[in-house]
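Q: My questions will all concern the structure given below.
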Amino acid sequence: MKLLGEALKKMVSKPVTRKFPKEKPVIPEGFRGQVEHNKETCTYCTLCAINCPAAAISINREKKEWKVDIGKCIYCGRCEDVCPTKPKSVKLGKKYDNTDYDRENLKNRS
Amino acid sequence: MINEVFHFLVFPGLISAIIFGLLYEGILRKVTAHMHNRIGPPIWQPFLDFVKLMSKENITTKDSFGMIMTLAPVISFASALTVLMFLPVGGFTFLSFSGDIFIVIYMLIMAGVFFAVGGFATGNPFASVGSIREIIQIFAIEFPFVISMITVGFLMNFNLSPFFAWQFPFALFAFLVSLQGKLSLPPFHIQEAEQEIVAGPLTEYSGPRLAMHELAKGVMVWTMISLGSVLFLGATTILTFAINSLLLLFLVIVLRTIFGRLKINQSLRLFWFVIGPLAVIDLARVLLGLYI
Amino acid sequence: MHDFFLPVGPQHPALVEPVHMKLRVEGETVVSLDGLELGYNHKGIEKALENRSWTKSVFLSERVCGICGNFHTSAFAQGVERLMGIEIPDRAKHIRVIVSELERIHSHLLCLGLIAHEMGLDTLFHYIFRDRETAMDLLELLSGNRVHFSMNTIGGVRRDLDTDNIRKVEEGLDSMEDRLYHYIKVFERDSSVKRRTSKVGILSEKLAIETGTVGPCARASNVNYDIRNEDYLTYKELKFKPVIGDRGDVLERNIVRLKECVQSIKLMRDSLFSIPKGEIALKLPMMIKVGEGLETLSHIEAPRGELAYYIRSAGDRPYRVKIRTPTYANFHMLGNILKGCQIADIPVIVASMDPCMSCTDRVTLVNTKGKETVLGKEDFHHLNGGHHD
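Residue numbers (the working numbering), protein chains in the order written: chain A, 25 to 134; chain B, 3 to 294; chain C, -13 to 375.
Dropping the structure here:
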């Protein structure tokens, strides 16, 4: 019977759940979302590719290609930690819905 | 004649039982969700569930009796509908004679028994445990339920008619608790305990058989709440019938939200040693003539 | 009377994660636990850890469990730091304690919500999960993710706390504390809850010590075993005292868990108050090298009990890592406390043991001839004290 008071009060108050995907959540600062790469400041030193625990980043130095497989990425942020440029060329942004219907489309994002 | 047929087929008979019964279930889920601080499904969700289930296939395992599994919810549905023949709403009733309260009691027991029979007909150990529990529940709930019905029926020569049981509060209390038990709602949702025995008797049901069971459950909700609002809360016109039904529905929802599940031996003990004797007190009062 | 076998799992609505229990049942009473099968969630992490360098292994060891991931990285990093002979800065120790205690709160609330769900009280389940969201939002603020925080690294932590976050954390802690006191009242006095948890699944003190139970299950049976009593991180200067109960039934375990949540809030407040300024991690080279052949055993107090990591080094990567999770230690008492209970009590008792199969399933034995065997039914049979046919 201890739950009776709260049950009656909550019946007439606003629900705490939201109707996703019509209403989107608020993402705080510092959220670890999808990897973003800045082509202008990158020096292609390949430190991010060597240090990635999941081996998700592949770099081709001669052709200046930088690709990430977001199916393998574990969103740890180690690539951002070891990037030597200022401002950092590899950052974790705020994009959280990194899904697709086909696994091939998750590879080779740049 | 037209009035009686309308009573049997449309209101509160077949069509109303299906539509309003499923609607009561939808309201139950929606209000419970708001008590839980969440949004919940829309009110017409049971209709969508029924349509979806009818489009799936019947899977019959090799250890079960498919014919009995199909017929059991149909018989439950039919028994619950038969009660509505005798229920007077707005002054009309399809059939009415002295002693029809006993037919009502018998039909309601049949609805429960055939639910258990459907469970026994599947070859699943979880379903056996669930059906055994259903039989024990029937055994437990019928004692206070029958006593309270007889207490009230005695005053009208066992002919079902509107009666306001304000001077028999124990009988009213016994009826309300048995109502919660007959509808298999918390704290008495023991036979379909999904945490313990998967789905109880319904473990192997799927497709149209499960849709038929959902329909039977909806009709049972409508029947029991209508019975309570006429026989114990005395509804004579359609307006008072609606108000009483909604009050009973609200009480059922509040009780459903705040209680956890009982174990089967605790349920038996509660109905036989606590609720039953209270109902017997009021029966004794009626038999000895100690009322206004 | 006729008895039959009730197969609980691997797919069952009561169990969160797959485990197979063969119970012999007479009517509604459980006679014995005749077989226990684990291994449905085996991921091969112990083998995969042998191929990765030390820094990358920290991230992999976090993925052993979703609920207590931060504790796995803590234990692993602590072991490696002990092998290298280094000590992390004080600010890093405080931040590790803060994140660990916050994770302990969210793990205990999850367990309590599941126990409420197993009792049929869905209302309490939804209320507890709504209040757990406060802890999850704070963790998202501090580390950027709701599970798998990746806060720890060898030599310290990776992210710092700033004053804005500290203020929000303190507000969150205040609101959670009120709700926790309310839940202690509900779990102790609500008649519906008491009927299902009081005198159910009693574990005596003697049996708890004999079968090697750890965590809140042991502390609710009057066994004073908490690794935080030993001096690691900052628990000595925070004056930690464990929460002990003496009845040994499901009700006592719930209360012990709730009181531990309240104690975690106090530990966090003290840590936030006394956190020193300074570095958050030691400057270590990118490829860490540890002496070859060195081995250590590092153990910490995860929410479910004692978590032990045995690490043996092969230079720049681990040679062998063996993880002993608390749920694996707690399974041995399950056969004994399930005897004589009703079918209706099975989900409540199993949920009160707080099983986390994701942590548990790594029971591979390798004998000297190089063959691999998996601990099977007979071994658990024997360990459980269940009777043979």
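We put the CB at the ideal spot given by N, CA and C, even for glycine.
Got a sec: is the Cβ-Cβ distance from residue 390 of chain C to anything in chain B below 8 Å?
A: A query on residue 390 of chain C cannot be resolved here, the shown segment of chain C reaching from -13 to 375 and no further.
Q: I'd like the ranges of any alpha helix (DSSP H) spanning at least 4 consecutive residues and lying wholly in the stretch 56 to 144 of chain B.
A: Listed in chain order, the complete alpha helix (DSSP H) runs (minimum 4 residues) inside the stretch 56 to 144 of chain B are 68 to 87 and 102 to 122.
Q: Please confirm whether residue 39 of chain B has its beta-carbon closer than 8 Å to some beta-carbon of chain A.
A: As a position in the second sequence, residue 39 of chain B is number 37, starting the count at 1. Yes, residue 39 of chain B lies at the interface with chain A (some Cβ there is under 8 Å from its Cβ).
Q: Is residue 291 of chain C helix, strand or coil by DSSP?
A: As a first step, residue 291 of chain C is located in the third sequence; it is residue number 305 there, counting from the start. It is a strand residue.
Q: So what does DSSP say about residue 328 of chain C, is it helix, strand or coil?
A: In the third sequence, the residue the question calls residue 328 of chain C occupies position 342. Three-state DSSP puts residue 328 of chain C in a strand.
Q: Applying a beta-carbon distance threshold of less than 9 Å, which residues of chain C neighbour residue 25 of chain A?
A: Taking the first sequence and counting its residues from 1, the one referred to as residue 25 of chain A is at position 1. Going along chain C in sequence order, the residues near residue 25 of chain A (Cβ under 9 Å) are 176, 177 and 178.
Q: Below 7 Å on C-beta distance, what does residue 32 of chain C contact in chain B?
A: What you label residue 32 of chain C is simply residue 46 of the third sequence in a count that begins at 1. Here the premise fails: no neighbours, minimum Cβ distance about 33 Å.
Q: Take the Cβ of residue 352 of chain C as the centre, count every other Cβ of all protein chains shown within 10 Å, and call the residue buried at 16 or more, exposed below.
A: Stepping through the third sequence from its first residue, residue 352 of chain C is reached at position 366. With a pLDDT of 40 at residue 352 of chain C, under the threshold of 50, the predicted position of this residue should be treated as unreliable, and no value is reported.
Q: Kindly give me the distance between the Cβ atoms of residue 36 of chain B and residue 35 of chain A, rounded to whole angstroms, as I take these residues to be in contact under 8 Å.
A: As a working note, residue 36 of chain B is residue 34 in the second sequence. As a working note, residue 35 of chain A is residue 11 in the first sequence. Indeed they touch by this definition, with Cβ atoms about 5 Å apart.
Q: Which class does residue 55 of chain C belong to by DSSP, given the choice of helix, strand or coil?
A: Locating residue 55 of chain C in the third sequence gives position 69, where the first residue counts as 1. Helix at residue 55 of chain C.
Q: Could you tell me whether the Cβ atoms of residue 85 of chain A and residue 70 of chain A are closer together than 8 Å?
A: Residue mapping note: residue 85 of chain A aligns to position 61 of the first sequence, counting from 1. Residue mapping note: residue 70 of chain A aligns to position 46 of the first sequence, counting from 1. Closer than 8 Å, so yes.
Q: Can you tell me whether residue 142 of chain C is helix, strand or coil according to DSSP?
A: As a position in the third sequence, residue 142 of chain C is number 156, starting the count at 1. Reduced to three states, the DSSP call for residue 142 of chain C is strand.
Q: With DSSP as the reference, label residue 285 of chain C as helix, strand or coil.
A: Residue mapping note: residue 285 of chain C aligns to position 299 of the third sequence, counting from 1. Residue 285 of chain C: strand per DSSP, three-state reduction.
Q: Alpha carbon to alpha carbon, how far is residue 140 of chain B from residue 42 of chain B?
A: Along the second sequence, one-based indexing puts residue 140 of chain B at 138. Along the second sequence, one-based indexing puts residue 42 of chain B at 40. When rounded, the distance between both Cα atoms is 31 Å.
Q: Taking 8 Å as the CB-CB cut-off, is residue 259 of chain B touching chain C?
A: Within the second sequence, numbered from 1, the residue matching residue 259 of chain B stands at position 257. For residue 259 of chain B, the answer is yes, since a Cβ of chain C falls inside 8 Å of its Cβ.
Q: Measure the CB-CB distance between residue 59 of chain A and residue 114 of chain A and report whether it falls below 8 Å.
A: Here residue 59 of chain A refers to the residue found at position 35 of the first sequence. Here residue 114 of chain A refers to the residue found at position 90 of the first sequence. Going by C-beta atoms, residue 59 of chain A is nearer than 8 Å to residue 114 of chain A.
Q: Relative to chain B, which residues along the stretch 96 to 110 of chain C have a C-beta separation below 9 Å, given in chain order?
A: Residues 102, 103, 104, 105, 106, 107, 108, 109 and 110.
Q: Spatial neighbours of residue 339 of chain C within its chain, please: CB distance less than 7 Å, with the 5 preceding and 5 following residues excluded, ordered by chain position.
A: Start at 1 with the first residue of the third sequence, and residue 339 of chain C comes out as number 353. The answer, listed in chain order, is 203, 316 and 320.
Q: If you draw a straight line from the C-alpha of residue 282 of chain B to the C-alpha of residue 47 of chain A, how long is it?
A: By 1-based counting over the second sequence, the position of residue 282 of chain B is 280. By 1-based counting over the first sequence, the position of residue 47 of chain A is 23. Those two C-alpha atoms are separated by around 56 Å.
Q: Tell me which residues share the same chain as residue 312 of chain C and place their Cβ nearer than 7 Å to its Cβ, disregarding the 5 neighbours each side in the sequence.
A: Position 326 of the third sequence, counted from the start, is the residue given in the question as residue 312 of chain C. Closer than 7 Å at Cβ, skipping near neighbours: 200, 201, 288, 290, 291, 292 and 293.
Q: What is the DSSP secondary structure of residue 232 of chain C, counted as helix, strand or coil?
A: What you label residue 232 of chain C is simply residue 246 of the third sequence in a count that begins at 1. Coil.
Q: Does the CB of residue 191 of chain B have a neighbour CB from chain A at under 8 Å?
A: One-based indexing of the second sequence puts residue 191 of chain B at position 189. No, because no Cβ of chain A sits closer than 8 Å to the Cβ of residue 191 of chain B.
Q: For residue 262 of chain B, return the contacting residues in chain C, with the cut-off set at a CB-CB distance below 7 Å.
A: As a working note, residue 262 of chain B is residue 260 in the second sequence. Near residue 262 of chain B (Cβ distances below 7 Å), the residues of chain C are 105, 106, 107, 178, 179 and 182.
Q: Between which residues of its own chain and residue 74 of chain C is the CB-CB distance below 7 Å, once the five residues before and five after are set aside?
A: Here residue 74 of chain C is taken as the residue at index 88 of the third sequence, counted from 1. Correct list, in chain order: 67, 141, 142 and 268.
Q: Which chain C residues sit within Cβ distance under 7 Å of residue 203 of chain B?
A: Counted from its first residue, the second sequence places residue 203 of chain B at position 201. Neighbours of residue 203 of chain B on chain C: none; closest Cβ ~15 Å, over 7 Å.
Q: Assuming residue 323 of chain C contacts residue 187 of chain C (C-beta within less than 8 Å), just tell me the rounded distance between them.
A: Working through the third sequence from its first residue, we reach residue 323 of chain C at position 337. Working through the third sequence from its first residue, we reach residue 187 of chain C at position 201. That pair is a contact at about 5 Å.
Q: Between residue 244 of chain C and residue 166 of chain C, is the Cβ-Cβ spacing less than 8 Å?
A: Against the third sequence, residue 244 of chain C aligns to sequence position 258. Against the third sequence, residue 166 of chain C aligns to sequence position 180. It is a contact, given that the beta carbons lie within the stated cut-off.
Q: Can you name the residues that DSSP bridges to residue 23 of chain C?
A: On the third sequence, position 37 is the one that residue 23 of chain C refers to. Bridge partners of residue 23 of chain C: C:6.
Q: Note down the Cα distance separating residue 44 of chain B from residue 32 of chain B, rounded to an integer number of angstroms.
A: In the second sequence, counting from the first residue as 1, residue 44 of chain B sits at position 42. In the second sequence, counting from the first residue as 1, residue 32 of chain B sits at position 30. Approximately 7 Å, taken between the alpha carbons.
Q: Quick check: the stretch 136 to 156 of chain B against the stretch 170 to 185 of chain B, are there 3 or more CB pairs under 8 Å?
A: Counting Cβ pairs under 8 Å, three or more are found: they touch.
Q: How would you list, in chain order, the residues of chain A whose beta-carbon sits under 8 Å from the beta-carbon of residue 126 of chain C?
A: As a working mapping, residue 126 of chain C is identified with position 140 in the third sequence. Those within 8 Å of residue 126 of chain C in chain A are 52 and 55.
Q: For residue 308 of chain C, which of helix, strand or coil comes out of DSSP?
A: Working through the third sequence from its first residue, we reach residue 308 of chain C at position 322. Looking at residue 308 of chain C - three-state DSSP - the assignment turns out to be strand.
Q: Rounded to the nearest angstrom, what separates residue 271 of chain C and residue 59 of chain C at their Cα positions?
A: In the third sequence, the residue the question calls residue 271 of chain C occupies position 285. In the third sequence, the residue the question calls residue 59 of chain C occupies position 73. Each residue's alpha carbon lies about 19 Å from the other.
Q: Relative to the C-alpha of residue 18 of chain B, which candidate in B:236, B:205, B:278 and B:220 has its C-alpha closest?
A: Within the second sequence, numbered from 1, the residue matching residue 18 of chain B stands at position 16. The shortest Cα separation from residue 18 of chain B among B:236, B:205, B:278 and B:220 belongs to B:220.
Q: Where residue 208 of chain B and residue 121 of chain B are concerned, what is the direct C-alpha to C-alpha distance, given to the nearest angstrom?
A: As a working note, residue 208 of chain B is residue 206 in the second sequence. As a working note, residue 121 of chain B is residue 119 in the second sequence. The straight-line gap from Cα to Cα measures roughly 13 Å.
Q: Considering residue 92 of chain A, what are the terminal residues of the beta strand (DSSP E) in which it resides?
A: Taking the first sequence and counting its residues from 1, the one referred to as residue 92 of chain A is at position 68. 89 to 92 is the span of the beta strand (DSSP E), which, as asked, contains residue 92 of chain A.
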